[in-house]
Amino acid sequence: MAYDKFSKITSPAVPLPVENVDTDQIIPARYLKAVERKGFGDNLFRDWRYNKDGTPKTDFPLNNSSYSGKVLVAGKNFGSGSSREHAIWALYDYGFRVVVSSFFADIFRNNALNNGLLPVIVSPEFLEKIFQEIEKNPAAQFEANLENQTFTILKTGESETFEINPYKKHCLKNGLDDIDYLVALKEEITAFEEGK
Amino acid sequence: MEANTLFDKIWDAHAVKQVEGGPAVLYIDRHLIHEVTSPVAFLGLKTRGLKVFRPDQTTATPDHNVPTENQHLTIMDELSRHQVDMLKRNCEEHNIKYHDLQSDGHGIVHIIGPELGLTQPGLTIVCGDSHTSTHGAFGAIAFGIGTSEVEMVLASQCIMQPKPKKMRITVNGELKKGVTAKDIALYIISQISTSGGTGHFIEYAGQAITSLSMEGRMTLCNLSIESGARGGMIAPDETTINYVKGRQYAPKGADWEKAVSAWKELKSDEEAVFDTEYTFDAADIEPMITYGTNPGMGIGITQNIPKVNGMSGSDKSTFLKSLQYMGYTEGDSMIGKQVDYVFVGSCTNGRIEDFRAFAGFVKGKEKAPGVTAWLVPGSQKVEKQIRNEGLDKILEAAGFQLRQPGCSACLAMNEDKIPDGKYAVSTSNRNFEGRQGPGARTMLASPLTAAAAAITGTITDPRDMM
Ligand code: SF4
Numbered sequence: 221m222a223y224d225k226f227s228k229i230t231s232p233a234v235p236l237p238v239e240n241v242d243t244d245q246i247i248p249a250r251y252l253k254a255v256e257r258k259g260f261g262d263n264l265f266r267d268w269r270y271n272k273d274g275t276p277k278t279d280f281p282l283n284n285s286s287y288s289g290k291v292l293v294a295g296k297n298f299g300s301g302s303s304r305e306h307a308i309w310a311l312y313d314y315g316f317r318v319v320v321s322s323f324f325a326d327i328f329r330n331n332a333l334n335n336g337l338l339p340v341i342v343s344p345e346f347l348e349k350i351f352q353e354i355e356k357n358p359a360a361q362f363e364a365n366l367e368n369q370t371f372t373i374l375k376t377g378e379s380e381t382f383e384i385n386p387y388k389k390h391c392l393k394n395g396l397d398d399i400d401y402l403v404a405l406k407e408e409i410t411a412f413e414e415g416k
Numbered sequence: 039m040e041a042n043t044l045f046d047k048i049w050d051a052h053a054v055k056q057v058e059g060g061p062a063v064l065y066i067d068r069h070l071i072h073e074v075t076s077p078v079a080f081l082g083l084k085t086r087g088l089k090v091f092r093p094d095q096t097t098a099t100p101d102h103n104v105p106t107e108n109q110h111l112t113i114m115d116e117l118s119r120h121q122v123d124m125l126k127r128n129c130e131e132h133n134i135k136y137h138d139l140q141s142d143g144h145g146i147v148h149i150i151g152p153e154l155g156l157t158q159p160g161l162t163i164v165c166g167d168s169h170t171s172t173h174g175a176f177g178a179i180a181f182g183i184g185t186s187e188v189e190m191v192l193a194s195q196c197i198m199q200p201k202p203k204k205m206r207i208t209v210n211g212e213l214k215k216g217v218t219a220k221d222i223a224l225y226i227i228s229q230i231s232t233s234g235g236t237g238h239f240i241e242y243a244g245q246a247i248t249s250l251s252m253e254g255r256m257t258l259c260n261l262s263i264e265s266g267a268r269g270g271m272i273a274p275d276e277t278t279i280n281y282v283k284g285r286q287y288a289p290k291g292a293d294w295e296k297a298v299s300a301w302k303e304l305k306s307d308e309e310a311v312f313d314t315e316y317t318f319d320a321a322d323i324e325p326m327i328t329y330g331t332n333p334g335m336g337i338g339i340t341q342n343i344p345k346v347n348g349m350s351g352s353d354k355s356t357f358l359k360s361l362q363y364m365g366y367t368e369g370d371s372m373i374g375k376q377v378d379y380v381f382v383g384s385c386t387n388g389r390i391e392d393f394r395a396f397a398g399f400v401k402g403k404e405k406a407p408g409v410t411a412w413l414v415p416g417s418q419k420v421e422k423q424i425r426n427e428g429l430d431k432i433l434e435a436a437g438f439q440l441r442q443p444g445c446s447a448c449l450a451m452n453e454d455k456i457p458d459g460k461y462a463v464s465t466s467n468r469n470f471e472g473r474q475g476p477g478a479r480t481m482l483a484s485p486l487t488a489a490a491a492a493i494t495g496t497i498t499d500p501r502d503m504m
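Shown next, in the form of structure tokens:
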């Protein structure tokens, strides 16, 4: 699927200081019934965000109007559980372009990179600092810079570099995906099949 | 020659090429699809004007949101019906083999793959469901993928994957009475945690593993993903070969002989080096039960819920949040805790041996009046076999009824939802908050422990009743 080209994002961040946030929390299975990639943002964190009668839970960060922005900062082991890409679509559709954590589940990370959502892995200490910064000032600005592979707390200038596979970086920067690449490779794939 | 692991051998044989500074282009032999994670992939193909590259290497079945009663009727839930219809239409349009509800090949994707003989040693197998790791039991590289990757496989029969690290988990010795493959898996996850396997592909080895039946191996490999690993595998042996033999899509005649001799070579070289190794002793494992909201929060059934003392920071808050959701207290015993629902099924424990174990246990006993039990065979074939073996009669006499095949309460996308606040002992694979329905409280366990709970209405050590 086409997504926006990614270069640099400067934005305040929404904190979610919970560990092991699994994909069933990001988007519960009962909201996976669509056949198009639209509208999943409404059900992002559905059961944490809304009471059973549909009213918003006031203590959940997404319902706290002092938080906003394109960056979600979450506790370690974010995105464990199912391979549902709907989790990424929901985050993206809601407006997030970056998720910061000290640890991501493998499939989640792969899925994110395939859909224009940048997973930024920082050290546990730096993650703590980011949370503290948001606590001090919910409007604090952060910068995710794909080219330099850095995530920066703009107020203090503190920064950490993050890892990203060069190929994936290239794809994200140009809004390309693997399918374009693979389709162009068909002859090689056919030759491989013949040699098997 | 360089010593290689089983994983390396299969991976290298399927790497079409290595992208410089990037992932490998990995060739996929078998692709399984279902109604939930495929529609957007087909839509993507259409948008790009692409055809399915190798339609005969993909097999489809609806399982995630199908009802488990009255499957001969139209699906009531409109959205579910639409997804199932879409799958069928997409398969027709692209010439993909589709196993419809009620047909002989219908069932949960990870159950029908092995049953049909699609799952074989040495293959690469993917599906848009994380428990694709199940197929690793045959000595295949099998793992779950996202919808973008489903589209890649449809478009090119390949995906782009970085090569994971390799882990070996050896379980030595013999399992004790009442201890099953499910207990080994929950034990391992409780020891290495739900992120212990991240970045790795696991190979299971040791006497306790090689003595498992094919079905037990599938249960174990199924749960590999719950340790964070990409997948798990077991080297093929006689048990594997005997299982595959004669199945619909298994090689036949001279091809069979050739395949078998190739499969016999599929094992890690003795000097092969793994990035990470763990060794456990089967004698330390007892029937397991989870008390919290991830599969790593498991304990031996006779043990007490851990105490918060000694935990710190975020570990502590995660633990307390979990106990609060479950309505449990630190340090409490699990034995004797109330059970409202029992679910036997899913690609973890929905095969014939699981129902044999359950039926064997409840034979001549009676279901506790307060318990609602959902027994959901993993496939049509499992259901038929249950009836052929007369297990349905045993179950009925004890107060249980069978439902029809599907994922059911494993992820509660259909009507089978555990009500808010109720306690369920489940043979499935995830006890996340709300996984089995909003507010549902899940305890993962083996079919034997589920049977003991269904009879007594409380968490009970199955060994006390065997
Ligand atoms: S039974 Fe559960 S884990 Fe298995 S395929 Fe269905 S939803 Fe996925």
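As you go down the protein sequences, you meet chains A and B in turn. Numbering follows the numbering used here, with no gaps: position 196 of the first sequence is 416. Numbering follows the numbering used here, with no gaps: position 40 of the second sequence is 78. Even for Gly, the Cβ is constructed at its ideal location relative to N, Cα and C.
Specify the secondary structure class of residue i as computed by DSSP and reduced to three states.
| i | result |
| --- | --- |
| B/Gln-376 | strand |
| B/Ser-306 | coil |
| A/Met-221 | Confidence is the limiting factor: at A/Met-221 the pLDDT is only 49, short of 50, which leaves the residue's position unreliable, though a coordinate-based value still follows. Coil at A/Met-221, not helix or strand. |
| B/Tyr-329 | coil |
| A/Ser-302 | coil |
| B/Ser-171 | helix |
| A/Ser-288 | coil |
| A/Ile-354 | helix |
| A/Glu-363 | strand |
| A/Phe-323 | coil |
| A/Val-293 | strand |
| B/Asn-342 | strand |
| B/Pro-61 | coil |
| B/Ala-395 | helix |
| A/Ile-373 | strand |
Any chance the CB of residue i is under 7 Å from a heavy atom of ligand 1?
| i | result |
| --- | --- |
| B/Leu-224 | no |
| B/His-69 | no |
| B/Cys-448 | yes |
| B/Ser-466 | yes |
| B/Cys-445 | yes |
| A/Asp-244 | no |
| B/Ile-493 | no |
| B/Cys-385 | yes |
| B/His-148 | yes |
| B/Asp-221 | no |
| B/Asp-101 | yes |
| B/His-169 | yes |
Note down, in chain order, each residue of its chain lying with its Cβ closer than 8 Å to the Cβ of residue i, except the 5 sequence neighbours on either side.
| i | result |
| --- | --- |
| B/Leu-154 | Thr-97, Gly-143, Arg-285, Gln-286, Tyr-287 |
| B/His-110 | Gln-140 |
| A/Met-221 | Model confidence at A/Met-221 stands at a pLDDT of 49, short of 50, so the residue's coordinates are unreliable and nothing is read from them. |
| B/Thr-112 | Arg-119 |
Among residues of its own chain, excluding the 5 on either side of residue i, which ones have a beta-carbon nearer than 6 Å to its beta-carbon?
| i | result |
| --- | --- |
| A/Ser-288 | Pro-232 |
| B/Ser-384 | Cys-448, Ser-466 |
| A/Phe-346 | Glu-380 |
| A/Leu-405 | none |
| A/Pro-358 | Ser-286, Tyr-287 |
| B/Thr-43 | Lys-204, Ser-306, Ala-310 |
| B/Arg-255 | Ala-175, Ile-272 |
Cutting at 7 Å between CB atoms, please list the residues of its own chain near residue i, excluding the five before and the five after it.
| i | result |
| --- | --- |
| B/Glu-453 | Pro-105 |
| A/Tyr-223 | Asn-335, Gly-336, Gly-395 |
| B/Tyr-366 | Tyr-329, Ile-343 |
| B/Gly-160 | Ile-48, Gly-177, Ala-178, Ala-300, Trp-301, Leu-304 |
| B/Gln-199 | Pro-61, Ala-62, Leu-64 |
3-residue-minimum beta strand (DSSP E) runs that sit fully inside the segment 161-243 of chain B, ordered along the chain: 162-165, 179-182, 196-199, 203-210, 238-243
Determine which residues of the segment 194-225 of chain B have a Cβ less than 9 Å from any Cβ of chain A, and write them out in chain order. Ser-194, Gln-195, Cys-196, Ile-197, Met-198, Gln-199, Pro-200, Pro-202
Interfacial residues, the segment 286-306 of chain A to chain B, with Cβ spacing under 9 Å: Listed by position, the residues of the segment 286-306 of chain A near chain B (Cβ gap below 9 Å) are Gly-295, Lys-296, Asn-297, Ser-300, Gly-301, Ser-302, Ser-303, Arg-304, Glu-305, His-306.
Along the segment 119-153 of chain B, where does the CB come closer than 9 Å to a CB of chain A? Name the residues. For the segment 119-153 of chain B, which is checked against every Cβ of chain A, the residues closer than 9 Å are His-120, Gln-121, Met-124.
If you measure beta-carbon to beta-carbon, which residues of the segment 438-470 of chain B are closer than 7 Å to chain A? Leu-449, Ala-450, Met-451, Arg-468, Phe-470
Name, going along the chain, the residues of the segment 235-262 of chain A whose beta-carbon falls closer than 7 Å to a beta-carbon of chain B. Sequence-ordered contacts of the segment 235-262 of chain A with chain B read Glu-239, Asn-240, Asp-242, Asp-244, Gln-245, Pro-248, Ala-249, Arg-250, Leu-252, Lys-253, Val-255, Glu-256, Arg-257 [C-beta pairs closer than 7 Å].
Using a Cβ-Cβ cut-off of less than 7 Å, give me the residues of the segment 329-356 of chain A that come near chain B, in sequence order. Asn-330, Asn-331, Asn-334, Asn-335
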